[in-house]
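Chains as they are written, first to last, in our numbering: chain A, 6 to 119; chain B, 2 to 115. Glycine residues also receive a C-beta, built at the ideal position from the N, C-alpha and C atoms. If you're wondering where the values come from, they're calculated on a predicted model, not measured in any experiment. A short worksheet on the structure shown next.
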């Protein structure tokens with residue numbers, strides 16, 4: 006069965022620090038990969054997604070993620086975080102051709118100190 | 002509508018009572034998903050609808066859980082004889098097709114069983 010692992014459960018950074026959140030998945034076939042964000046009191050929003058092509062994908066608000074197939078990883082990065090990036094971040098995977106069901110990681114809470 | 006609408010936003014119920022949670026997807030979205038977000042558990046898939054049929058209900062945790070969708074639009078998730086472990090945020094999401102392109106989430110219903 007597919008599973009998604011996010012290694013960092015709680016990350017605390019100061020503004021302007023660089024961010025990298027780890028995400029690994031277990032599935033041998035072709036996958037679609039996603040990062041969702043949930044700001045305090047708001048609903049889940051799509052940050053970025055990877056289907057195929059360039060393994061470096063750029064999303065909203067300066068976020069990017071790199072798909073490394075050999076490592077089954079899809080880490081999220083941002084060069085310089087802002088206080089407004091404080092949120093919970095979820096990595097997710099779905100397998101093309103299935104129902105579109107997403108398997109989510111446990112989430113990483115990011116706290117950015119001003 | 003402009004987004005996925007869920008009601009009620011909060012529900013407190015006594016153990017053993019039945020509850021109904023409603024999801025109004027984005028107009029024209031044929032795929033609809035229910036997820037559950039429990040404290041420390043991440044997001045857990047419950048059921049997927051394509052139109053009015055549910056080809057994947059593998060995530061429903063027990064036979065106390067059921068869901069239906071009518072008119073290819075509104076969906077209702079019903080939990081019978083609620084238990085304390087049912088306390089969670091129940092999220093609904095919809096997409097134009099099977100959702101592998103990522104989907105739009107509602108704000109969720111926070112269910113508390115006392």
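Between residue i and chain B, is any beta-carbon pair separated by less than 8 Å?
i: residue 27 of chain A; result: no
i: residue 38 of chain A; result: no
i: residue 142 of chain A; result: Given that chain A is displayed from residue 6 to residue 119, the structure contains no residue 142 of chain A and the question cannot be resolved.
i: residue 33 of chain A; result: no
Beta-carbon separation of residue i and residue j under 8 Å?
i: residue 103 of chain B; j: residue 54 of chain A; result: yes
i: residue 51 of chain B; j: residue 89 of chain B; result: no
i: residue 36 of chain B; j: residue 92 of chain B; result: yes
i: residue 138 of chain A; j: residue 72 of chain A; result: Because chain A here runs from 6 to 119, residue 138 of chain A falls outside it and cannot be looked at.
i: residue 98 of chain A; j: residue 41 of chain A; result: no
i: residue 77 of chain B; j: residue 33 of chain B; result: no
i: residue 110 of chain A; j: residue 9 of chain A; result: yes
i: residue 108 of chain A; j: residue 43 of chain A; result: no
i: residue 62 of chain B; j: residue 104 of chain A; result: no
i: residue 110 of chain B; j: residue 27 of chain B; result: no
i: residue 96 of chain A; j: residue 77 of chain A; result: no
Rounding to the nearest angstrom, what Cα-Cα distance links residue i and residue j in this structure?
i: residue 52 of chain A; j: residue 69 of chain A; result: 9 Å
i: residue 17 of chain B; j: residue 22 of chain A; result: 49 Å
i: residue 114 of chain B; j: residue 47 of chain A; result: 23 Å
i: residue 82 of chain A; j: residue 94 of chain A; result: 11 Å
i: residue 86 of chain A; j: residue 18 of chain A; result: 8 Å
i: residue 57 of chain A; j: residue 33 of chain A; result: 15 Å
i: residue 116 of chain A; j: residue 15 of chain B; result: 35 Å
i: residue 98 of chain B; j: residue 8 of chain B; result: 23 Å
i: residue 89 of chain A; j: residue 119 of chain A; result: 9 Å
i: residue 82 of chain B; j: residue 31 of chain B; result: 30 Å
i: residue 45 of chain A; j: residue 11 of chain A; result: 20 Å
Quick one: what's got a C-beta closer than 6 Å to residue i's C-beta in the same chain, skipping five residues either side?
i: residue 64 of chain A; result: 52 and 53
i: residue 44 of chain B; result: 36 and 38
i: residue 66 of chain B; result: 80
With 8 Å set as the bound, which would you pick, yes or no: does the beta-carbon of residue i sit closer than that to a beta-carbon of chain A?
i: residue 108 of chain B; result: yes
i: residue 49 of chain B; result: yes
i: residue 10 of chain B; result: no
Under 7 Å Cβ to Cβ from residue i, same chain only, skipping five residues before and after it: list those, please.
i: residue 6 of chain B; result: 25 and 107
i: residue 53 of chain B; result: 70, 71 and 73
Considering just the uninterrupted stretch of the beta strand (DSSP E) at residue i, what are its terminal residues?
i: residue 25 of chain A; result: 24 to 26
i: residue 14 of chain B; result: 11 to 14
i: residue 82 of chain B; result: Residue 82 of chain B -> no beta strand (DSSP E), and no H or E assigned at all.
i: residue 38 of chain A; result: 37 to 43
Kindly list the residues whose CB is nearer than 8 Å to the CB of residue i, restricted to its own chain and excluding five residues on each side of it in sequence; keep chain order.
i: residue 67 of chain A; result: 83, 84 and 85
Can you find a C-beta in chain C that's less than 8 Å from the C-beta of residue i?
i: residue 52 of chain B; result: Looking for chain C here will not work: the only protein chains present are A and B.
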